[in-house]
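Heads up, the thing below is written out as structure tokens.
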Amino acid sequence: MSANKGTYVSLILLFILAISYGVSAINFRDQESGIGPHYFPIILSILLILLCIISVIQTVKKEDKKIEMPNKMLLFGVLCLIVAFILGWEFIGYYIVSIFFLFILFTLFRMNSLSKKVIFINIIWSISVTISIYFVFDFILGVGL
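In terms of full-length UniProt numbering, the sequence shown has 145 at position 145, counting the first letter as 1, and numbering is strictly consecutive.
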């Protein structure tokens, strides 16, 4: 794959994300005028759009290179796992799905050194990270996931 082609695809996706984020922020307006909860997301979306435009200009000027992707299957597996995580979050709930997501992700990245000890460590890390996220969002911030 060429480096510029990959950059263009990424920038198009980021540009679409920035526009959808900005549109949803504009639709979030309150009755009050001035600075409200929509203000910061609009600034972020404008900045992301500007940075995408700057990056496109830089990419056009840059010489193209060939990128070797030796781990195509790993990339495809992670992308499928992310889609499954998002769908599972909707139907099962964030905390349960995140334990499985993190465990499978940790295991995928350590497939070369897979053992009972590694699997046990992956389980501990998955549960620990999920409990930490639960504590931060539910208890400290008061926002349930």
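From the three backbone atoms N, C-alpha and C, an ideal C-beta is built for every residue, glycine too.
Taking C-alpha atoms, which residue in the options lies nearest to residue i?
i	options	result
Ile-96	Ile-127, Lys-66, Thr-107 and Asn-27	Ile-127
His-38	Ile-16, Ile-104, Gly-22 and Lys-72	Gly-22
Lys-72	Leu-11, Ile-19, Leu-108 and Phe-120	Leu-108
Gly-103	Leu-48, Met-111, Trp-125 and Val-83	Residue identity differs from the one stated: residue 103 is Phe in this sequence, not Gly. The shortest C-alpha separation from Phe-103 is found at Trp-125.
Phe-137	Tyr-94, Asn-112, Val-118 and Leu-14	Tyr-94
Pro-41	Ile-19, Lys-5, Cys-52 and Ile-53	Ile-19
Ile-123	Lys-61, Leu-105 and Ser-113	Leu-105
Lys-61	Leu-17, Thr-7 and Arg-110	Thr-7
residue 146	Leu-14, Gln-58 and Ile-119	An answer regarding residue 146 cannot be provided, because it is not within the stretch 1 to 145 covered by the chain.
Cys-52	Val-118, Leu-17, Leu-114 and Phe-135	Leu-17
Thr-59	Phe-135, Val-118 and Lys-5	Lys-5
Give a yes or no on whether the minimum CB-CB distance between residue i and chain D is below 9 Å.
i	result
Ser-126	Going by chain labels, chain D is absent from the structure shown, which holds only one protein chain.
Would you report the Cα separation of residue i and residue j, rounded to the nearest angstrom?
i	j	result
Pro-70	Val-78	14 Å
Ile-46	Ser-55	14 Å
Ile-140	Trp-89	21 Å
Leu-50	Ser-10	15 Å
Leu-44	Ile-12	17 Å
Val-143	Phe-28	19 Å
Ile-121	Ile-92	24 Å
Ile-133	Ala-84	19 Å
Asp-64	Leu-114	38 Å
Ile-57	Glu-68	24 Å
Lys-117	Arg-110	12 Å
Ile-119	Phe-135	24 Å
Hey, residue i and residue j: beta-carbon distance below 9 Å or not?
i	j	result
Lys-66	Ala-3	yes
Leu-81	Phe-101	yes
Residue i and residue j look like a contact to me (Cβ under 8 Å); what is the Cβ gap, rounded to whole Å?
i	j	result
Thr-130	Ile-99	5 Å
Ordered list of beta strand (DSSP E) runs contained in the UniProt domain "DUF1468" (9-144), each at least 3 residues: none
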